[in-house]
Ligand code: DNO
């Protein structure tokens, strides 16, 4: 397991790169060019600038999260070919810069969805919260409320990205899950050969939460659908970001079984916990196994058992110790998360080396 840490760039993040380097066992950043809109071709100079910044702090840039997919590609509009051509050029440049994994998602309009950014927990920390009934709210109202809560919003919810909300909803009105599958297959047929040539593994992120929100189709939701995705283009460069917190919101998702089944197609793992309330609501918790409903110890064991050599990162953290940070993306709780993951990992390695009774 090769540990990375998500970083939003010098102008967008509260955390200096040298601090990331000091988290034990952390070797690289999961990064993006956040100032570019989905569909734009990434300039080589900007890619190399991030590479240099990271290298100065002793970190690598092997994992990009994300190169966002333009809505016209998800919608299957004729204009998609132009955006796909840009996407391919970006893949090639990232390959030249030494990138190994590109995380992306195929969620219509929204990326991950929460209804509250700072829900108070029993210990006084705050965390991101998803309340199912509020998803019936008018989407525009939710976006406004979420973005009012914090100057730094959730990734994927940037006001400029969601500015054309009603037009986008209109465009998706007759788009079914099967249309989305079809458009994803078209996209993969175009980009996977380019990724393969560039030494890059594409890693699709599951939908978060893994069910339809606001009536929009969502397809990266469970084991059968992940299997279908891998079969759409059967090549190691067509892979998955195995995100325990996203898939774990649905109690029927057996994440440990997925790690075993898809073991050679998981270039990137997001490992985090949530507590489910049984009615679809969930709150993000510390990474510790007993703090939430997701079996983090079992998940790390499954990764250890398959000899996982891919990249991982802790996922969202709570906001603790009065840290002022991007929602879910502070330093302290994610660093604690990494230590929980390494603690488990080292424990399993010890048992493997010395046997359970030593
Ligand atoms: C949330 C993240 C997602 C993820 C994208 C990948 O914090 O896990 O925003 O980066 O869905 O494209």
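Residue numbers (my numbering): 552 to 909. Backbone N, C-alpha and C define an ideal beta-carbon position, used for all residues, glycine too.
Review point. Any chance the CB of residue 792 is under 8 Å from a heavy atom of ligand 1?
Key: Yes, the Cβ of residue 792 comes within 8 Å of a heavy atom of ligand 1.
Practice item. Check whether the Cβ of residue 622 sits closer than 8 Å to any heavy atom of ligand 1, and report yes or no. Key: Flag unset: Cβ of residue 622 not near ligand 1.
**Study point:** residue 727 classed as buried or exposed, judged by whether at least 16 other C-beta atoms fall within 10 angstroms
**Key:** Burial call: exposed.
Check your understanding: Under a Cβ-count criterion, where at least 16 other Cβ atoms within 10 Å of its own Cβ denotes burial, should residue 896 be classed as buried or exposed?
Key -> Burial call: buried.
Point to revise | Segment contact flag, the region 626-646 with the region 851-861, C-beta cutoff 8 Å, min 3 pairs | key: When C-beta atoms of the region 626-646 are compared with those of the region 851-861, fewer than three pairs fall below 8 Å, so the two segments do not count as touching.
Review point. Where residue 724 and residue 784 are concerned, what is the direct C-alpha to C-alpha distance, given to the nearest angstrom?
Key: So the alpha carbons of these two residues sit roughly 28 Å apart.
Practice item. Starting from residue 865, trace the alpha helix (DSSP H) both ways and give me its first and last residue. Key: Under the DSSP assignment, residue 865 falls outside any alpha helix (DSSP H), being part of the beta strand (DSSP E) whose first and last residues are 862-865.
Exercise for review: Check whether the Cβ of residue 879 lies closer than 8 Å to any heavy atom of ligand 1, and answer yes or no.
Suggested key: Yes, ligand 1 has a heavy atom inside 8 Å of this Cβ.
Check your understanding: Once you ignore the five residues that flank residue 634 on each side, which residues in its own chain have a CB closer than 7 Å to its CB?
Key -> Beyond the five residues adjoining it in sequence on each side, residue 634 comes within less than 7 Å, by CB distance, of 590, 621, 623 and 624 in the same chain, given in chain order.
Check your understanding: Where DSSP assigns a beta bridge to residue 789, which residues make up the other side?
Key -> Paired residues: 753.
Review point. With 16 other CB atoms within 10 Å as the buried threshold, where does residue 651 fall?
Key: The residue is buried, with at least 16 neighbouring Cβ atoms inside 10 Å.
Point to revise | Host alpha helix (DSSP H) of residue 854 (start-end) | key: Following the DSSP letters along the chain, one finds residue 854 inside the alpha helix (DSSP H) bounded by residues 847-856.
Review point. Is the closest heavy atom of ligand 1 to the C-beta of residue 655 under 8 Å?
Key: True, at least one ligand heavy atom lies under 8 Å from that Cβ.
Check your understanding: Is residue 501 helix, strand or coil when you go by DSSP?
Key -> Outside the shown range of the chain, which is 552 to 909, sits residue 501, and nothing can be said about it.
Review point. How about the region 603-612 and the region 573-592: do they share at least three Cβ pairs that are nearer than 8 Å?
Key: Touching, yes, given that three or more Cβ pairs across the two stretches are closer than 8 Å.
Check your understanding: From what residue to what residue does the beta strand (DSSP E) around residue 813 run?
Key -> Taken as a continuous stretch (DSSP letters only), residue 813 belongs to no beta strand (DSSP E), as it is neither H nor E.
Check your understanding: Quick one: is the Cβ of residue 705 within less than 8 Å of any heavy atom of ligand 1?
Key -> Yes, the beta carbon of residue 705 sits closer than 8 Å to at least one heavy atom of ligand 1.
Check your understanding: Going by the C-beta, is residue 658 closer than 8 Å to any heavy atom of ligand 1?
Key -> Yes, the Cβ of residue 658 comes within 8 Å of a heavy atom of ligand 1.
Practice item. Given a cut-off of 9 Å, decide if residue 710 and residue 877 are closer than it, judged by their beta-carbon atoms. Key: Not a contact, by the Cβ cut-off of 9 Å.
Check your understanding: Is there at least one non-hydrogen atom of ligand 1 closer than 8 Å to the beta-carbon of residue 756?
Key -> Yes, the Cβ of residue 756 comes within 8 Å of a heavy atom of ligand 1.
Practice item. Specify whether the region 771-788 and the region 800-815 touch according to this definition: at least 3 beta carbon pairs, one from each stretch, less than 8 Å apart. Key: These segments touch.
Exercise for review: Can you give me the Cβ contacts of residue 654 inside the same chain, cut-off strictly under 6 Å, excluding the 5 residues immediately before and after it?
Suggested key: A distance below 6 Å between beta-carbons, with the five flanking residues on each side excluded, links residue 654 to the following residues of its chain, in chain order: 616, 617, 754, 756, 792 and 819.
Review point. What's the gap between the Cα of residue 677 and the Cα of residue 670?
Key: Cα to Cα, the separation comes out at about 5 Å.
Exercise for review: Give the DSSP bridge partners of residue 826, in chain order.
Suggested key: Answer by DSSP bridge pairing, in chain order: 834.
Check your understanding: DSSP three-state call for residue 585: helix, strand or coil?
Key -> Residue 585 falls in the coil class under three-state DSSP.
Practice item. Return yes when at least one heavy atom of ligand 1 lies under 8 Å from the C-beta of residue 759, else no. Key: In this structure, the C-beta of residue 759 approaches ligand 1 to less than 8 Å from one of its heavy atoms.
Point to revise | Contact under 9 Å by Cβ, residue 687 with residue 794 | key: In this structure, residue 794 does not lie closer than 9 Å to residue 687 by Cβ.
Check your understanding: Can you tell me the Cα-Cα spacing of residue 758 and residue 636, whole angstroms?
Key -> The straight-line gap from Cα to Cα measures roughly 25 Å.
Review point. Would you call the region 882-892 and the region 586-604 touching, i.e. three or more CB-CB distances under 8 Å?
Key: No: fewer than three Cβ pairs fall under 8 Å.
Check your understanding: Does DSSP put residue 840 in a helix, in a strand, or in coil?
Key -> Correct three-state label for residue 840: helix.
Check your understanding: Which residues mark the beginning and the end of the alpha helix (DSSP H) in which residue 738 is found?
Key -> Start and end: 728-748.
Review point. Beta carbon of residue 585: closer than 8 Å to some heavy atom of ligand 1?
Key: Not one heavy atom of ligand 1 lies closer than 8 Å to the C-beta of residue 585.
Practice item. Express the C-alpha separation of residue 568 and residue 900 in angstroms, rounding to a whole number. Key: Roughly 29 Å separates the two Cα atoms.
Practice item. Just confirm the distance between the C-beta atoms of residue 681 and residue 704, as a whole number of angstroms; I'd bet it's less than 8 Å. Key: The Cβ separation is near 16 Å, so there is no contact.
Point to revise | Residues bridged to residue 681 [DSSP beta-bridge criterion] | key: Answer is 833, bridged to residue 681.
Check your understanding: By how many angstroms is the C-alpha of residue 801 removed from the C-alpha of residue 760?
Key -> In a straight line, the C-alpha of residue 760 is about 8 Å away from that of residue 801.
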